[in-house]
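Take a look at the structure set out below.
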Amino acid sequence: MHPTDLASAYRHYIACLNQQDWPHLGRFVAPQVRHNGKPLGLAGYQAMLEGNYRDIPDLRFHIEQLACDPPWVASRLIFRCTPAGSFLGLPVNGKHVVFSENVFYRFDDGRIVEVWSVVDRAAIEQQL
Numbered sequence: 190m191h192p193t194d195l196a197s198a199y200r201h202y203i204a205c206l207n208q209q210d211w212p213h214l215g216r217f218v219a220p221q222v223r224h225n226g227k228p229l230g231l232a233g234y235q236a237m238l239e240g241n242y243r244d245i246p247d248l249r250f251h252i253e254q255l256a257c258d259p260p261w262v263a264s265r266l267i268f269r270c271t272p273a274g275s276f277l278g279l280p281v282n283g284k285h286v287v288f289s290e291n292v293f294y295r296f297d298d299g300r301i302v303e304v305w306s307v308v309d310r311a312a313i314e315q316q317l
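Here's what the structure looks like:
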């Protein structure tokens, strides 16, 4: 994919997440997707995302930085949200927090096959 097409595909993927449009997630995520080295498959990946929305009802993905070098996408995502209870083992319990996530995605045949993600847990700790 050309970098412009890859960036567009990624932005559509983020829109899908923000709309919680689970029936269309497979347009962007491959059936054999892996997350941080763990094979989840599409169903497991979707379950992980649905769990995130259960734990954080006001969850929204905001792209702060985006770089594309096919087949890779690197993104810094910003979250401004209110986790309902414990989040990443931290007692957030309804406090509004702002944090980032640095994510690398590998695309194959137009879909995400691999995700490497690190959440800035220290930023959340500083706000509690």
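By the count of our numbering, the sequence shown reaches residue 317 at its end, each step adding exactly one. Note that CB positions come from ideal geometry on N, CA and C, so glycine has one too.
Check	Outcome
Cβ-based burial, PRO220 [other Cβ within 10 Å; buried from 16]	exposed
Inside the stretch 252-315 only - beta strand (DSSP E) runs reaching at least 3 residues	261-270, 286-297, 300-308
Residue closest to LEU255, alpha-carbon to alpha-carbon, out of ASN291, LEU214, TYR234, GLY215	ASN291
Outcome for SER264 when other beta-carbon atoms lying within 10 angstroms are tallied against a minimum of 16	buried
Sequence-distant residues of its chain with Cβ nearer than 6 Å to ILE245 (five each side left out)	CYS270, PRO272
Beta-carbon proximity list for VAL351, same chain, < 6 Å, skipping 5 on both sides	The requested residue 351 does not occur in the structure, where the chain is confined to residues 190 to 317.
Option in VAL218, ARG200, VAL287 with minimal Cα separation from PHE296	VAL218
CA nearest to the CA of ASN225, picked from GLN316, GLN315, VAL307	VAL307
Helix, strand or coil at GLN208 according to DSSP, with G and I counted as helix	coil
Endpoints, alpha helix (DSSP H) assigned at ARG223	Note, ARG223: premise wrong, no alpha helix (DSSP H); beta strand (DSSP E) at 218-224.
Residue nearest to ILE267 in terms of C-alpha spacing, selected from GLN209, LEU214, VAL286	VAL286
Cutoff 8 Å; reference ASP247; Cβ partners in own chain excluding five residues on either side	CYS270, THR271
Own chain, CB closer than 6 Å to HIS251, minus 5 neighbours either side, in chain order	ILE267
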